[in-house]
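Here is the structure we will look at.
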Amino acid sequence: MQRYKNDPLFAADAKLITSIAFLPICDISLGIIALETYLPPELQPVLDWFITNYTGRLRMDGMRNQPRFDPAIWSVHRRVLERGDRTNNYAEAAHKKLQRAFSCSHPNIWRFIDTLRKEQKLIDADYAMCQQGMEPPPKRRKYRDADRRIHELVQTYQAANPNFDHNYQFPVVYPIHPIIDFLRGVSHNYNMDP
67 MQRYKNDPLF AADAKLITSI AFLPICDISL GIIALETYLP PELQPVLDWF ITNYTGRLRM
127 DGMRNQPRFD PAIWSVHRRV LERGDRTNNY AEAAHKKLQR AFSCSHPNIW RFIDTLRKEQ
187 KLIDADYAMC QQGMEPPPKR RKYRDADRRI HELVQTYQAA NPNFDHNYQF PVVYPIHPII
247 DFLRGVSHNY NMDP
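Everything in the sequence shown is counted per my numbering, starting at 67 for the first residue and increasing by one.
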């Protein structure tokens with residue numbers, strides 16, 4: 067954790083692992099293979115954890131084990147192409163707003179109820195404005211610009227493995243550089259909290 071915060075090159079390499087989510091599902095195995103050969107040895111345990119939980123380990127027959135979280139759940143490739151939301155930041159923002167409204171960790175029951183009532187009134191007012199056709203506040207420009215850049219990268223990416231499911235090993239040798247370049251390009255456009 068300390069090295070991630072203090073070493074920008076190490077942090078940039080670590081972000082390549084999470085950038086796998088932007089690959090089309092058919093190229094996830096190629097992305098994993100590329101990262102296994104590209105990442106420094108210090109990041110191999112993190113990549114191994116990611117493989118176990120998110121892509122599945124490669125078996126002897128060339129297929130992958132069933133991961134804990136299927137790529138169809140966590141892959142954001144399609145959402146980016148459809149210009150949908152990639153994250154649950156809206157829920158996190160609402161949670162943070164509610165925490166600030168309480169202004170303490172353990173409110174008593176009366177303060178809890180009063181705060182919930184006040185927050186519900188604010189939410190109802192926001193909902194009424196939405197029903198009236200008013201636009202929500204726009205995203206900050208830096209986030210809109212990052213979304214645009216990510217969309218362009220994802221849109222121009224050419225799938226190297228279009229006819230295969232992510233569960234299968236790619237049968238032909240493929241150079242890793244295009245995938246690493248894509249992952250690096252995407253990783254420069256989002257921040258990751260350790």
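Don't be surprised by glycine CBs; every beta carbon is placed ideally from N, CA and C.
Counted within 10 angstroms of its Cβ, other Cβ atoms place residue i as buried (16 or more) or exposed
{"i": "residue 262", "result": "Residue coverage of the chain in this structure runs from 67 to 260, which leaves residue 262 outside it and unanswerable."}
{"i": "residue 135", "result": "exposed"}
{"i": "residue 80", "result": "buried"}
{"i": "residue 203", "result": "exposed"}
{"i": "residue 143", "result": "buried"}
{"i": "residue 222", "result": "exposed"}
{"i": "residue 93", "result": "buried"}
{"i": "residue 248", "result": "buried"}
{"i": "residue 95", "result": "buried"}
For residue i, three-class secondary structure by DSSP
{"i": "residue 129", "result": "strand"}
{"i": "residue 76", "result": "helix"}
{"i": "residue 116", "result": "helix"}
{"i": "residue 148", "result": "coil"}
{"i": "residue 141", "result": "coil"}
{"i": "residue 108", "result": "helix"}
{"i": "residue 161", "result": "helix"}
{"i": "residue 89", "result": "coil"}
{"i": "residue 135", "result": "coil"}
{"i": "residue 169", "result": "coil"}
{"i": "residue 102", "result": "helix"}
Identity of the residues DSSP links to residue i by a beta bridge
{"i": "residue 124", "result": "130"}
Limits of the unbroken alpha helix (DSSP H) element including residue i
{"i": "residue 68", "result": "68-72"}
{"i": "residue 253", "result": "243-253"}
{"i": "residue 189", "result": "175-197"}
{"i": "residue 214", "result": "207-222"}
Contact test: residue i Cβ vs the ligand MN heavy atom, cutoff 7 Å
{"i": "residue 68", "result": "In the structure on display, the ligand MN does not appear, and there are no ligands present to speak of."}
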